[in-house]
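So the structure is just underneath, and the comments pick up after that.
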DNA sequence: CACCCTATTTTGTTATCACAAGTCCAGGCC
DNA sequence: GGCCTGGACTTGTGATAACAAAATAGGGTG
């Protein structure tokens, strides 16, 4: 059984903790696109009753991170190539704006924080720790978006990332998209350090474009049709 | 008591209908920013138990249409002027893109549908039917976004509109923002009819900019501090 | 051997209940 | 008279149970 308290000590109610836990599990690519979620199974794993788990799933459905299947059961939505393309186009638009804005506002301390994240991500990648790599990658993008000082934009981008969580397990085995010194994140950091919004925007957009291509190439292997 | 079945015949579960109902009530500006929602009161009005209402509120919190207040109660989030500005900036970005894309795809039938909506909206405005006016306005914007053929974008814009629902009651009394023939929607329609994406984008952005100014001017009267 | 019908089990839904935390009001004490 | 305290009431939480619908398995039949 999972200890909810340990994982989310700040969360208030059992339902809230169940929601955060499920959210994290989605981001960790525990579930595959197309996979159904079973209420009693999750409730037992968490050691709680059905009620909070049901509420957590309902919330994720409202966030479009899950999909109501047949008016009874919920599943992780499968992704078409077109859907990946659209999400990435929107991410390029929104994260591009965020990076541009962040370049106008970032302090040297912020830049150092980003550089540290990027260093940890590169280290995880070279060491083959795929999950850690994807988590630092997420932290990098969310930090840039937070620096824009636009909370609503941040919420939207977080939601887009959540929806892509089930796809990202395909990333964990991709270690060689860039050589470390050529990684687009480096240009994002440079742009933020120099106050060069255009550079930051283009760099983050290049990063997302590479992601889009990589995921779309692996899409057939990611989606699951009838298992789970 | 409200007859849920009549209002949402397509919705499946009681919880789903309660969610749709609450969503609609928010869009109708039934609740003011800052107002707390009471579980038993809503449950009684709907003639259902607490469970589905609780789930509906949890969903709206996840959609950022409601806000968890003190780890117990939920309220409609108050809006700062800065928040209105940000939401409108994002709407200009996203709806602008949608309008541009819609101009490349709209058929004459689509354009006619939009023109009919605009006509109904103008009629409602001139007749002083404020609620109907705002609903047709919403329908106009959602239709344009749907024509872009980008479902994720549509979901994001719908969410931004939902969050603004409680503000929009301030619009219902504003009848004279434009003379009918000068309304920006007319240029949106022209842009879509002519396949002129730039015209459509600029027109929808102008519309949103006017909205932003109008709401921000009335913001002090919209937010409620401690009632409800 | 394949197919269909039925019984059993699985799985999601929702009302109810016991409970806890917070609020409000009144009465008494300083 | 103001403030503190205690109790009733309000309000949200979560486990449980009864229920309904769907999936599954098994047996019988063509």
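Residue numbers (the numbering used here), protein chains in the order written: chain A, 1430 to 1657; chain B, 1430 to 1657.
Just so you know, even glycine gets a beta-carbon here, dropped at the ideal spot from N, CA and C.
Here the structure is a predicted model, which is why all the values come from computation and not from measurement.
Relative to the C-alpha of residue i, which candidate in the options has its C-alpha closest?
i	options	result
residue 1460 of chain A	A:1473, A:1548, A:1472, A:1504	A:1504
residue 1450 of chain A	A:1498, A:1481, A:1464, A:1465	A:1481
residue 1561 of chain B	B:1573, B:1578, B:1601	B:1601
residue 1467 of chain B	B:1457, B:1456, B:1487	B:1487
residue 1591 of chain B	B:1632, B:1523, B:1603, B:1458	B:1458
residue 1641 of chain B	B:1617, B:1509, B:1470	B:1509
residue 1455 of chain A	A:1594, A:1611, A:1610	A:1594
residue 1652 of chain A	A:1464, A:1549, A:1550	A:1464
residue 1444 of chain A	B:1639, B:1638, B:1452, B:1501	B:1501
residue 1555 of chain B	B:1587, B:1613, B:1607, B:1494	B:1607
residue 1603 of chain B	B:1575, B:1557, B:1614	B:1557
residue 1544 of chain A	A:1520, A:1615, A:1446, A:1471	A:1615
residue 1507 of chain A	A:1597, A:1559, A:1483	A:1597
residue 1610 of chain B	B:1514, B:1519, B:1551	B:1551
residue 1520 of chain B	B:1586, B:1628, B:1599	B:1586
residue 1570 of chain B	B:1581, B:1471, B:1559, B:1547	B:1547
residue 1581 of chain B	A:1485, A:1579, A:1588	A:1588
residue 1495 of chain A	A:1469, A:1462, A:1542	A:1462
residue 1442 of chain B	A:1470, A:1511, A:1489, A:1497	A:1497
residue 1516 of chain A	B:1479, B:1470, B:1584, B:1648	B:1584
residue 1573 of chain B	B:1524, B:1538, B:1599, B:1512	B:1524
residue 1541 of chain B	B:1612, B:1513, B:1617, B:1511	B:1617
residue 1579 of chain B	A:1471, A:1512, A:1493	A:1512
residue 1648 of chain B	B:1492, B:1453, B:1514	B:1514
residue 1577 of chain A	A:1536, A:1549, A:1447, A:1493	A:1536
residue 1539 of chain A	A:1518, A:1553, A:1575	A:1575
residue 1636 of chain A	A:1613, A:1453, A:1646, A:1644	A:1613
residue 1489 of chain A	A:1628, A:1448, A:1469	A:1448
residue 1485 of chain A	A:1446, A:1643, A:1650	A:1446
residue 1643 of chain A	A:1599, A:1499, A:1559	A:1599
Just grab the DSSP bridge partners of residue i for me.
i	result
residue 1503 of chain A	A:1466, A:1497
Find the residues of chain A that neighbour residue i, judging by a C-beta separation of less than 8 Å, and give them in chain order.
i	result
residue 1516 of chain B	1581
Name the chain A residues that come within less than 7 Å of residue i, Cβ to Cβ?
i	result
residue 1584 of chain B	1493
residue 1488 of chain B	1487, 1488, 1491
residue 1441 of chain B	1500
Taking Cβ-Cβ distances shorter than 9 Å, what residues in chain A pair up with residue i?
i	result
residue 1519 of chain B	1523, 1526, 1579, 1581, 1582, 1585
For residue i, go through chain B and note every residue whose CB falls closer than 9 Å to its CB, in chain order.
i	result
residue 1444 of chain A	1483, 1487
Completely contained beta strand (DSSP E) runs for the segment 1537 to 1622 of chain B, where each covers 3 or more residues:
none
Between the segment 1525 to 1545 of chain A and the segment 1627 to 1634 of chain A, do three or more beta carbon pairs fall short of 8 Å?
yes
Three or more C-beta pairs below 8 Å linking the segment 1622 to 1629 of chain A and the segment 1532 to 1545 of chain A
yes
How do the segment 1553 to 1573 of chain A and the segment 1471 to 1478 of chain A stand: do at least 3 beta-carbon pairs fall below 8 Å, yes or no?
no
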